[in-house]
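Data first, discussion second: the structure below is written as C-alpha cells.
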Amino acid sequence: MSTPTAQLAAAGVSIWLDDLSRTRISSGNLAELIESRNVTGVTTNPTIFAGAITNPNDTSYDAQVKELAASGASAEDAVFAATTQDVRAALDVFRPVWEASGHVDGRVSIEVSPDLAHDTDGTVAQAKQLWKEIDRPNLLVKIPATKAGLPAITEAIAAGISVNVTLIFSLERYADVIDAYLTGLERAHSGDFELSSIHSVASFFVSRVDSETDKRLSAIGTDAANALKSKAGLANARLAFELFEQKFGEKRAQDLLKLGANLQRPLWASTGVKDPALPDTLYVTQLVTKGVVNTMPEKTLEATFDHAEIEGDTIRGGYDDARAVFAGLKEVGVDFDDVTQVLEDEGVAKFIDSWHDLLGQVAQALETQR
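Residue numbers (our numbering): 317 to 686.
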C-alpha cells in the first residue's frame, strides 16, 4: 500500500521541503527524505538559515566560520559563503531528481537579501551574483513579488535565471507576476536564450491569509463572520490556480510554450497550519491538483506522510465556492485588499528581521574567532 506522500506525488503534486541545514545534508537525512517521503525539492528563506547557522547544537558551521574570521570576512560575506555552500550541496543531492524529472523538479531555492525587497537594481545584481556563484542548473533564485520585485523578476528571467517568485498574497499581484515572467521569457527569446532551460514557480502563501483574515473575522464577531473562518486561504489559492489556467491558456503564453518555454508552476507556501483546531494537513489535502508544488515544513511533511487522506483533485471544481467565500468576506466588512497588503508588508519585515538577526549573530561568531 502506497504512502500518502506517494499518493500525493502520483496526483501530480511536487513535494518540496521548506527547510535546509548543513547537518541535514551531511547526515544523509535530505537524501533519505527523497527516498522515503517523495521530496523533490527544497525552499529556503532567511529565517530558515538563521535557525540553522545560529543553532547552538549544530557545530557543522564552526570550521567555516573560523576560516572566514581568519580571512577578515564581514558578516555579509560569511553568510553569503555559508548559505551558497549549503544550497550548492543540496542541489547536488537533488541532481538525480532533476535529471529524472526532465529538469522540472530537483530544485533548491535561495533568496536575495530581504534588504533589497524594494530595490529593483540591487535585486537583479544579487540574483545574477547568486546564479553565477552557485553555478548549478537546478537552482531557483527567490525574488519577492513586491512592486520593485516585479521588474527584477523580468530582468532575471530575461538573463536566463530561473526564479522562485515569493510572498504572493493577492490575485492582482499574481497576475502581475505572471506578466513579469512572460515578459522575461519574451526578452530571453529575443536574446537567444534557450527557453526550455528557464524555470519558475510562483509561491502563493496560504495559512498566513487565514491567520490575518480570521483575526478580522473574530473582531467582527457575527455568526456570518465566524462561519467564514479558515476559508479565505484555500479560496484564495484555488482562485490563483484558476487564474494560472486562464493566463497560461491565452495566446501569449501558448506561443512561448510552443517555443519551448515552461509553465510557471503555482507553489503553495506557508502550508503549516497555524490554528491548532484545524487538521494539520489541511493546506496539503485541500490543494491537490496536477502540476503544482507544495512546500512543507518538516512537521507538516511528517503529518502528511503519517495520516493525510489524498482524495484526488481538490482544486478544480471549487472555483464558485471560492468566489462565494470572497463575496461573504466583503459582505461582513473584511477589506481583503488590505489583508493582502498587510501580509506582504509583514512578510518582508519578518524576513528583514531574521536577516539582521542572522547577520548580528554571525558577526559575533566571527569576532569570537578573531
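Beta carbons: idealized from backbone N, C-alpha and C, even for Gly. Since we're looking at a predicted model, the values are computed, not measured.
With contacts defined as CB atoms closer than 9 Å, F521 and S586 qualify as a contacting pair. In its chain, beyond the 5 residues on either side, Y377, A398, L674, V678 have a beta carbon closer than 7 Å to the beta carbon of I369.
In this structure, the straight-line span from the alpha carbon of A472 to that of S429 is close to 15 Å. Rounded to whole angstroms, L544 and V641 show a C-alpha spacing of 7 Å. Per the Cβ contact rule, the stretch 602 to 609 is in contact with the stretch 626 to 635 (3 or more Cβ pairs under 8 Å). Here the alpha carbon of R489 sits roughly 11 Å from the alpha carbon of V481.
If you draw a straight line from the Cα of V440 to the Cα of D539, it is about 48 Å long.
Partner residues in the beta bridge of W584, as assigned by DSSP, are F520, N610. Comparing C-alpha distances from L446 to each of Q401, R581, A416 shows the shortest one belongs to Q401.
Per DSSP, L446 has no beta bridge partner at all. Distance between D651 and T529, taken at the CA atoms: about 9 Å. In this structure, R423 sits away from V493, with a CB-CB distance that is not shorter than 9 Å.
Take the alpha-carbon of R554 and the one of N610: they are about 13 Å apart. Remark: three or more beta-carbon pairs, one from each stretch, lie closer than 8 Å, so the stretch 403 to 414 and the stretch 338 to 351 are flagged as touching.
CA-CA distance, L498 to D393, rounds to 33 Å. For A474, the CB contacts under 6 Å within the same chain, skipping 5 residues up- and downstream, are G500, R503, A504 in chain order. The alpha carbon of D431 has as its nearest neighbour, out of T375, D637, A665, A366, the alpha carbon of A665. Here DSSP, grouped into helix, strand and coil, assigns K458 to strand. Taking 9 Å as the cut-off, the Cβ atoms of S523 and G418 do not count as close.
Pairing A496 with T462 gives a Cβ-Cβ distance that is not under 9 Å. For S506, the enclosing alpha helix (DSSP H) covers residues 487 to 506.
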